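A.B. asks: Take the sequence shown: its position 6, counting from 1, is numbered 6 in full-length UniProt numbering, and each next residue is one higher.
Got a structure here, written out as structure tokens. Questions coming.
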Amino acid sequence: MYNNNQNGTVTEELPPTTKKIARRNILIVLDNMIRVIPYVCEEENFKRDLERQLNKASYVAPENVYTVWQNVQNIITDRFNAHSDKSTLPQWCVLLLDIWTDNITVP
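Now the structure itself:
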């Protein structure tokens with residue numbers, strides 16, 4: 001179903017039963033994740049990997065952003081693969097994972 005707006009643009013209306021997909025900006029998500037990583041030597045490589053993905057996302061074409069999301073997921077999986085339970089993680093790790101999974105919003 002399409003609607004013509006007053007300014008002449010055409011927009012598509014979704015039926016009431018159709019769920020809208022939330023769009024998240026990878027630049028904002030990565031920036032928020034990087035901010036919660038402490039300045040500890042053992043986490044330096046992890047932080048650097050995320051910063052590289054943030055830099056890459058700044059220049060990648062919008063249609064290729066999915067590769068950045070996939071790369072970040074691989075980085076997170078590699079880092080937290082040994083932990084099967086969030087209760088064994090430090091608080092900053094829990095916060096980082098909550099940001100990644102969109103369970104928390106950072107101001």
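Even glycine gets a Cβ: it sits at the ideal position worked out from N, Cα and C.
As the structure is a prediction and not an experimental result, all values here were calculated from the model.
1. Measuring straight from C-alpha to C-alpha, what distance separates V68 and R79?
2. Could you pull out every residue in the same chain whose Cβ sits closer than 6 Å to the Cβ of L96, ignoring the five residues on either side in sequence?
3. How many Å lie between P38 and N55 at the Cα?
4. Can you give me the Cβ contacts of K86 inside the same chain, cut-off strictly under 6 Å, excluding the 5 residues immediately before and after it?
5. Count the other CB atoms, across all protein chains shown, that sit within 10 Å of the CB of Q70; report buried if there are 16 or more and exposed otherwise.
6. Within a Cβ cutoff of 6 Å, which residues of the same chain sit near L89, ignoring the five residues on either side of it in sequence?
7. Short of 7 Å in beta carbon distance, which residues of its chain neighbour E43, apart from the five on each side in sequence? Order them along the chain.
C.D. replies: With the structure as the only source:
1. To locate residue 68, count along the sequence shown from 1; it is residue 68. To locate residue 79, count along the sequence shown from 1; it is residue 79. So the two alpha carbons sit approximately 17 Å from each other.
2. What you label residue 96 is simply residue 96 of the sequence shown in a count that begins at 1. Cβ neighbours of L96 beyond the five flanking positions: M33, V36.
3. By 1-based counting over the sequence shown, the position of residue 38 is 38. By 1-based counting over the sequence shown, the position of residue 55 is 55. Whole-angstrom Cα-Cα distance: 19 Å.
4. Position 86 of the sequence shown, counted from the first residue, corresponds to residue 86. The residues are V94.
5. By one-based count along the sequence shown, residue 70 stands at place 70. Exposed is the call here.
6. The residue given as residue 89 occupies position 89 in the sequence shown. Cβ within range, chain order: H83.
7. The sequence position of residue 43 within the sequence shown is 43, counting from 1. Counting only Cβ-Cβ distances below 7 Å, and skipping sequence neighbours, we find I37.
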